[in-house]
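For reference, each letter of the sequence shown is one residue, going 1 to 119 in UniProt numbering. All residues carry an ideal CB built from backbone N, CA and C; glycine is no exception. Each remark here refers to the structure printed beneath this line.
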Amino acid sequence: MLRTALNRVPTLLRSVRTRNPGPGRLWDAGTRLTTAERRWGWRSSNSAPEPESVAALGRVEPSHYQLHYTCKVCGTRSSQCISKSAYHKTVVIVKCPGCQNNHIIADNLGWFSDLQGKR
Numbered sequence: 001m002l003r004t005a006l007n008r009v010p011t012l013l014r015s016v017r018t019r020n021p022g023p024g025r026l027w028d029a030g031t032r033l034t035t036a037e038r039r040w041g042w043r044s045s046n047s048a049p050e051p052e053s054v055a056a057l058g059r060v061e062p063s064h065y066q067l068h069y070t071c072k073v074c075g076t077r078s079s080q081c082i083s084k085s086a087y088h089k090t091v092v093i094v095k096c097p098g099c100q101n102n103h104i105i106a107d108n109l110g111w112f113s114d115l116q117g118k119r
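What follows is the structure, encoded as structure tokens:
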């Protein structure tokens, strides 16, 4: 008896229809999603004047720098995108596309002691 009831569960679940079909079924049926305002007939009735300017809640800072440099060995002008945290906290080494030399852009860990006079 229990086995018979458990075998019928998938059939019962398929026959259950939900009140809200969800976005997947709406797109499959080719219907258009409607906003809650249209569906329920809500209207905006605010007599207060709209603010002239909206105050910025926060300022988004870019997380990367676009670095442009000229190789002193071969004279090739190149560009690299590097993260701000790498530039300010770690070591940044870029490879020249012209002569394949490595160029030290930032050394905040003190790994290269011979650069003391060139900072």
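Fill in: For Arg72, the three-state DSSP class (helix, strand or coil)
At residue 72 the sequence reads Lys, which differs from the Arg that was named. Of the three classes helix, strand and coil, the one that applies to Lys72 here is coil, per DSSP.
Worksheet item: Expressed to the nearest angstrom, what Euclidean distance is found between the alpha-carbon atoms of Glu61 and Val94?
Response: C-alpha separation (whole angstroms): 24 Å.
Discussion item. Which of the three DSSP states is assigned to Asn7 in this structure?
Written reply: helix
Worksheet item: By how many angstroms is the C-alpha of Asn7 removed from the C-alpha of Ser63?
Response: 56 Å
Discussion item. How far does the beta strand (DSSP E) with residue 196 in it extend, from its first residue to its last?
Written reply: Look at the range of the chain in this structure, 1 to 119, and you will see that residue 196 is not part of it.
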